[in-house]
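Shown next, in structure tokens, is the structure this report addresses.
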Amino acid sequence: MHAFEYAAPASVADAAAALANEDAKVLAGGQTLLPTMKQRLAAPSVLVDLRKIDGLSGISREGDALVIGAMTRHADVAASKVVQDAIPGLAALAALIGDPAVRHRGTIGGSLANNDPAADYPAAALALGATIVTNKREIAAGDFFKGLFETALEDGEIITKVKFPLPEKSAYEKFRNPASRYAMVGVFVAKTKAGVRVAVTGAGSSGVFRHAAMEAALAGNFSPAAIAGVKTDASGLLSDLHGDADYRAHLVGVMARRAVEAAA
Amino acid sequence: MSATGLGASVKRKEDIRFITGKGRYVDDINRPGQAHAYFLRSPHAHATIDKIDASAALASPGVAAVFTGQDIADDKLGGLICGWMIHSKDGSPMKAGAHPVLAQGKVRYVGDHVAVVIADTLSQARDAAEKIVVDYGVLPAVADPAKAVGGPNIHDAAPDNTVYNWHLGDKAATDAAFASAAHVTKLDLVNNRLIPNPMEPRAAVGDYDSGTDTITLYTTSQNPHVARLVLSAFIGLAPEHKFRVIAPDVGGGFGSKIFIYAEETVCAWAARKIDRPVKWTSDRTEAFLSDAHGRDHVTHAEVALDAAGKVTGLRVHTIANMGAYLSTFASSVPTYLYATLLSGQYNIPAIYAEVDAVYTTTAPVDAYRGAGRPEASFVVERLIEMAARETGRDPAEFRRQNFITQFPHQTPVIMAYDIGNFAGALDKALEHADYKGLPARKAASAAKGKLRGAGFSAFIEACGIAPSAAVGSLGAGVGLWESAEVRVNPIGTVEILTGSHSHGQSHETTFAQLVSERLGISIDNVSIVHGDTDKVQMGMGTYGSRSGAVGMSAISKALDKIEAKAKKVAGHVLEAAESDIEFKDGKFTVKGTDKAIDFASVALQAYVAHKFNGQELEPGLKESAFWDPTNFTFPAGVHICEVEIDPDTGIVTVERYTAVDDFGKLINPMVVHGQVHGGIAQGIGQALMEGAKYDEDGQLVTASYMDYTMPRADSLPSFTVDTIETACPSNPLGIKGCGEAGAIASPPAVINAITDALGHEDIAMPATPVAVWRAAQKRPRLAAE
Amino acid sequence: MVQVAMTVNGKAVSANVDSRTLLVQFLRENLRLTGTHVGCDTSQCGACVVHVDGKAIKSCTTLAVACEGASVTTIEGLAHGTKLHPMQQAFQDNHGLQCGFCTPGMIMTAVDLVNRKGNALDEATIRHELEGNICRCTGYHNIVKSIAQGAREMATQPQAAE
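Structure, rendered in structure tokens:
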């Protein structure tokens, strides 16, 4: 990797200040950033490591919401009794990210901020209608994801926690890329008081998206049968070595039905 | 059988250092004052190099040197060689394009070596390499071997990109068999290109001693002596007596570490050039780009049957991708390691094979676990399975009907099979696989909406690669014997020096078992010395499943001499005639008396030399041997794979995998089974997951584990592995090679299982989920069901 | 250059390192603990797995400076003197290794697995949990057997806290 300066500030404010440097980047778990830097595809001038900042990790129930600190590791989300009770689909999703060692380092905040089109957490955030809390404001998940590796985060803005409203039912089904184990198609289905939401990751050529036709079909009848005939338009989907858009479109249906079945 | 002798599943001696983190691989070696090399590689598949400006790199911090092909040329270093001459049908020699150590004027694949930067640290070398400015004149690329002829010209020496048009067998007799056939099964197939991926990436440390004018090269090699020979005799780096090559612990090879590559050549050369140790360790991306790849055949094949179901002829046309340059043994793989096995386990009167080897703008292709034989078994076993299905015959019984049953058997394609029991393996495999229960399991799968199928592979291969005269007559530039030296120390411990090289094969244990068996001493008192040209005088190395059949046979022969000499010493000590001395269980006794002396005492007496006349009997106890066998060994077996397909996703689950192999006598069944497991996993990888893909521009799309699918624990089942035994008659131990069999047998077994489940034959390797999903939507065949 | 201090295999260590030094480089190059290996660039192969504060992580995807104050255990720190850790012994007993290159990462992953999931591990669990560790030699068959045995025996042989 290219040389960089390393900073490990003790507060969010100091971290934000350090991020004022040109080409500074936040280091959370580093599970995506460091491999990218090793391949010299990213070359930040300053790495601002959040690990010393108190209060950025932890899991709690706050009323009708589950609140997860940005630096909370995937493994801790997966193993949390609180998460398993409140949103079992979210705990299951966390257990499917990367591999056990990656889950010990990778963080929810890092995953959301990176917004890899094949990442898992964006599907949960979008389907559950999460609120992404930063050092500056609160952002609804629907407004947060802005396409491939793009988010609503501004320069110097740091995710501090994520608030998930508790759904009635939820589940995540993932078809893994055979090589990388990232999501080739991941479908998160949530039935909430506000209605049913279906979010798809891994497949969209502009990142995570909601599946309106499935949401409509499931609104009145939350069962796999309700979406058996719902087609997914392949035109906006990714094609690569491991599957073309038609295949991904088909898998969206399969994963959605399986998720609904698991949630129901 | 003793607890540590031949046939015992002795736990491995070498494990202790590996499981405690004390293995010593090349990247673990650092020399004082060492600099680090970083190779600037071509980003283009095919381009002229019009200009290289390295001035900024040379001025970069920590940089000791930057070298290009011009520096290599100025030093009059030879190019990398291909050591096996193949002649085309018309008698002309293969067209070998020049293979410079660093590119000269042209690059021919993405990853080709443009320059090397040597600096105090690797980061500095890499930073500096980014400052080298290269003007390329980009030329069209061609990656697909089927499009190579007529594509952009890659080497002046091969105007239409053809390396050779080779053939084997009797064309007229084969055509006649087809003309009178009752049924012909035809098959077009691609044997997918694979990237070997030993977990230890290649690495090299060159170290030059100016006081003695000697180069030492630490390198990840399967055959350090061959490396020294090539680097010395052909590349001209240094004469052999001034050049030491050490291959310490090596983390897997699978063929890819046989070859002599640019990187180790440069490290050794540059170390002398800058009088400083030079180290290079490949990262995984470099390994994907520049390790020699495997397979990559495009084949049309046909088999002819008579009305009774007897196979009467087989013909094959294959286009073999050699990549951009001929790697060290590349030319032999699609010829003498491939077409000579096209008879499979079957009595086929007429076979004819044509092979066109072509250049493409891709990484060089050479031997990868199995090397030619997996390609042959895939052709034969897919054809046989399809022929059975097309003619309504049970695939197991159809095979049995055509099995060779009399040995020795001369095939129409050079090989003379010495011994085997093909039906014995089939019977045992059918039982282990519960083949009778298959219809019920198919029905159970169908009830869940899944597709189930079973596939066979009755493979045979030729390994224990040797004899020298035979391979020489086929074009090999080297002999394929092996050497051994047995050094008995005065206190009776033993050092075995072998030209074989273990990079996972367990030689420290299995070779010690042989010594333990023969000399009656503990395996703890035996050490195996290998991988160092200063210690072992000469050797041919490990590949082609040859360490047991050839390497251990050499040790056995040297042990014969040790025993003979020790008997003489014992005779003097026990004051008996040599002919009255018997040796058993580590004790020398005088026939018909209770006089005895143990092996260690005889060893001491051999060195003390008080009890015999040094003029009549030389002191000491050390013997060496070279072993050159009379034939290849022919392991064979039957593998049965059973899969279940989820037609919704295309995911194939290997539900059962049964292997029954004949490796002759087993030295260590635990180790043999381990070799089979690993081979099967690589074969399942080829069948279901692995495939190197180049795009239209010649960029390698699968250049990391993010895109190249490696078999992982959760993509494989546990295997059922068993053996039968017909002792090999061509070596003193009765053993056959076992290292490659799994990788040779398994791909057709898997694909035959998938096609059985799908009900049609239209699926290529790798049968990835997307490919199987598509295939599952096609209507099943109706014939012969 | 950045000063970093941590505990490795129970010993306090410190060094001045380039900030881009990965934990695996720190272990291999500064401390000469070469049992931890590098097999890929993309955090996939698991040859570099060590424990940081008792949890398995990929040391090729962790900065050394980010381990300031941490307690690190490598393959070299697993045995008690000449007494092998039960997981190490299980790998030898079951021929769970061939070339040995992936083995340190496999063993460190396996110990972590037992720490998280207990001593009675079925084959499916073991196979699933190994998804971040690639072996090219064994076909995993004997690795799975090794881990099942090692897990059982870890129950009967108390381990020192990391």
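Chains as they are written, first to last, in the numbering used here: chain F, 1 to 264; chain V, 1001 to 1785; chain E, 2001 to 2162.
Built from N, CA and C at the ideal position, the CB exists for glycine as well.
Exercise. Run the CB neighbour count on residue 1140/V, radius 10 Å, all protein chains shown included, and call it buried at 16 or more, exposed below.
Key: Taking the first residue of the second sequence as position 1, residue 1140/V is located at position 140. Result: exposed.
Self-check item: Three-way DSSP call (helix, strand, coil) for residue 1699/V in this model
Solution: Locating residue 1699/V in the second sequence gives position 699, where the first residue counts as 1. Three-state result, residue 1699/V: coil.
Quiz prompt | Bounding residues of the alpha helix (DSSP H) (the contiguous stretch that carries residue 1400/V) | solution = Start at 1 with the first residue of the second sequence, and residue 1400/V comes out as number 400. Here the alpha helix (DSSP H) through residue 1400/V covers 1395-1402.
Quiz prompt | Where the beta strand (DSSP E) through residue 982/V begins and ends | solution = Any property of residue 982/V remains undetermined from this structure, which presents chain V solely from 1001 to 1785.
Quiz item: Would you say residue 174/F faces chain E, with C-beta separation under 8 Å as the test?
Solution: Reading the first sequence from its first residue, position 174 is the one you call residue 174/F. For residue 174/F, the nearest beta carbon of chain E is not closer than 8 Å to its own beta carbon.
Self-check item: Span of the alpha helix (DSSP H) around residue 2092/E
Solution: Here residue 2092/E corresponds to residue number 92 of the third sequence, with the count starting at 1. 2086-2093 is the extent of the alpha helix (DSSP H) around residue 2092/E.
Practice problem: Mind checking the segment 1427-1444 of chain V against chain E and listing, in chain order, the residues whose C-beta falls within less than 9 Å of any C-beta there? | Solution: none
Self-check item: Minimum C-alpha distance to residue 1504/V - residue among 2146/E, 2099/E, 2109/E
Solution: Locating residue 1504/V in the second sequence gives position 504, counting from the first residue. The candidate whose alpha carbon is nearest that of residue 1504/V is 2099/E.
Quiz item: Which parts of the segment 1006-1081 of chain V are runs of the alpha helix (DSSP H), unbroken and 4 residues or longer, counting only runs that do not cross its ends?
Solution: 1015-1019, 1055-1058, 1069-1074
Exercise. Please state whether DSSP places residue 1124/V in a helix, a strand or coil.
Key: Against the second sequence, residue 1124/V aligns to sequence position 124. Helix at residue 1124/V.
Self-check item: Endpoints, alpha helix (DSSP H) assigned at residue 1379/V
Solution: Translated into the one-based positions of the second sequence, residue 1379/V becomes position 379. 1373-1390 is the extent of the alpha helix (DSSP H) around residue 1379/V.
Quiz prompt | Proximal chain E residues relative to residue 90/F, where beta-carbon distance stays under 9 Å | solution = Mapped onto the first sequence, residue 90/F falls at position 90. Residues of chain E passing the Cβ test: none, with the nearest at roughly 19 Å.
Quiz item: What are the start and end residues of each continuous alpha helix (DSSP H) run of 4 or more residues lying completely inside the segment 40-95 of chain F, in chain order?
Solution: 74-79, 81-86, 88-94
Quiz prompt | Outcome for residue 1301/V when other beta-carbon atoms lying within 10 angstroms are tallied against a minimum of 16 | solution = The sequence position of residue 1301/V within the second sequence is 301, counting from 1. Buried is the call here.
Exercise. Mind the definition here: the segment 1188-1206 of chain V touches the segment 2089-2103 of chain E only if three or more C-beta pairs lie below 8 Å; say whether that holds.
Key: yes
Self-check item: Residue environment, residue 1501/V, which counts as buried when at least 16 other CB atoms sit within 10 Å
Solution: The sequence position of residue 1501/V within the second sequence is 501, counting from 1. Residue burial annotation: residue 1501/V is buried, with at least 16 other C-beta atoms found within 10 angstroms of its C-beta.
Quiz item: Per DSSP, residue 1528/V is paired with what?
Solution: The residue labelled residue 1528/V in the question sits at position 528 within the second sequence. DSSP lists 1496/V as partners of residue 1528/V.
Quiz item: Using CA coordinates, which residue listed in 186/F, 218/F, 182/F, 201/F is at the minimum distance from residue 195/F?
Solution: Indexing the first sequence from 1 puts residue 195/F at position 195. If we check each option's Cα against that of residue 195/F, 218/F comes out closest.
Exercise. Let me know the secondary structure DSSP gives residue 1458/V once reduced to three states.
Key: By 1-based counting over the second sequence, the position of residue 1458/V is 458. In the structure shown, residue 1458/V sits in a strand (DSSP, three-state: E or B).
Exercise. Entirely within the segment 2018-2103 of chain E and at least 4 residues each: give me those alpha helix (DSSP H) ranges in chain order.
Key: 2086-2093
Practice problem: Tell whether a beta-carbon distance below 8 Å holds between residue 1255/V and residue 1025/V. | Solution: Here residue 1255/V is taken as the residue at index 255 of the second sequence, counted from 1. Here residue 1025/V is taken as the residue at index 25 of the second sequence, counted from 1. Against a cut-off of 8 Å, the Cβ pair of residue 1025/V and residue 1255/V comes out as no contact.
Quiz item: Since residue 1555/V is in the alpha helix (DSSP H), which residue starts that stretch and which ends it?
Solution: Taking the second sequence and counting its residues from 1, one reaches residue 1555/V at position 555. Where residue 1555/V is concerned, the enclosing alpha helix (DSSP H) stretches over 1553-1573.
Quiz item: Got a sec: is the Cβ-Cβ distance from residue 211/F to anything in chain V below 8 Å?
Solution: For this step, residue 211/F is matched to residue 211 along the first sequence. No, no contact with chain V.
Quiz item: In whole angstroms, what separates the C-alpha of residue 49/F from that of residue 1078/V?
Solution: Start at 1 with the first residue of the first sequence, and residue 49/F comes out as number 49. Start at 1 with the first residue of the second sequence, and residue 1078/V comes out as number 78. Cα to Cα, residue 49/F sits roughly 51 Å from residue 1078/V.
Self-check item: Cβ neighbour criterion (16 or more within 10 Å) applied to residue 1792/V
Solution: What the structure shows of chain V is the stretch from 1001 to 1785, and residue 1792/V is not part of that stretch, so it cannot be assessed.
Exercise. Measure the Cβ-Cβ separation of residue 182/F and residue 207/F and say whether it is below 8 Å.
Key: Counting from one through the first sequence, the residue named residue 182/F turns up at place 182. Counting from one through the first sequence, the residue named residue 207/F turns up at place 207. No. Outside cutoff.
Exercise. Quick one: give me the first and last residue of the beta strand (DSSP E) that residue 1304/V is part of.
Key: Here residue 1304/V corresponds to residue number 304 of the second sequence, with the count starting at 1. Note, residue 1304/V: beta strand (DSSP E), 1297-1305.
Quiz item: Shorter than 8 Å from the beta carbon of residue 1723/V to some beta carbon of chain E?
Solution: Locating residue 1723/V in the second sequence gives position 723, counting from the first residue. Judged by the 8 Å Cβ criterion, residue 1723/V is not in contact with chain E.
Self-check item: Residue range of the unbroken beta strand (DSSP E) whose run includes residue 6/F
Solution: As a position in the first sequence, residue 6/F is number 6, starting the count at 1. Segment 5-7, the beta strand (DSSP E) holding residue 6/F.
Quiz item: Rounded to a whole number of angstroms, what is the C-alpha to C-alpha distance between residue 2116/E and residue 186/F?
Solution: Here residue 2116/E corresponds to residue number 116 of the third sequence, with the count starting at 1. Here residue 186/F corresponds to residue number 186 of the first sequence, with the count starting at 1. Going by the C-alpha atoms only, they are around 26 Å apart.
Quiz item: Would a check of beta-carbon distances place residue 2015/E closer than 8 Å to chain F?
Solution: Here the question's residue 2015/E lines up with position 15 in the third sequence. No, residue 2015/E does not count as interfacial toward chain F.
Quiz item: Whose CA, out of 1740/V, 1775/V, 1763/V, 1778/V, lies closest to the CA of residue 1253/V?
Solution: Translated into positions along the second sequence, residue 1253/V becomes position 253. Among 1740/V, 1775/V, 1763/V, 1778/V, the Cα nearest to that of residue 1253/V belongs to 1740/V.
Practice problem: Just the chain E side, please: which residues come within less than 9 Å of residue 3/F by C-beta, in chain order? | Solution: Stepping through the first sequence from its first residue, residue 3/F is reached at position 3. The answer, in chain order, is 2018, 2019, 2020.
Quiz item: What beta strand (DSSP E) runs, 3 residues minimum, are completely inside the segment 1217-1276 of chain V?
Solution: 1243-1246
Quiz item: Using a Cβ-Cβ distance under 8 Å, would residue 2121/E count as near chain B?
Solution: Of the chains in the structure shown, none is chain B; the protein chains are F, V and E.
Practice problem: Report the option in 83/F, 141/F, 211/F whose CA atom is closest to the CA atom of residue 64/F. | Solution: Position 64 of the first sequence, counted from the first residue, corresponds to residue 64/F. It is 83/F whose Cα lies nearest to the Cα of residue 64/F.
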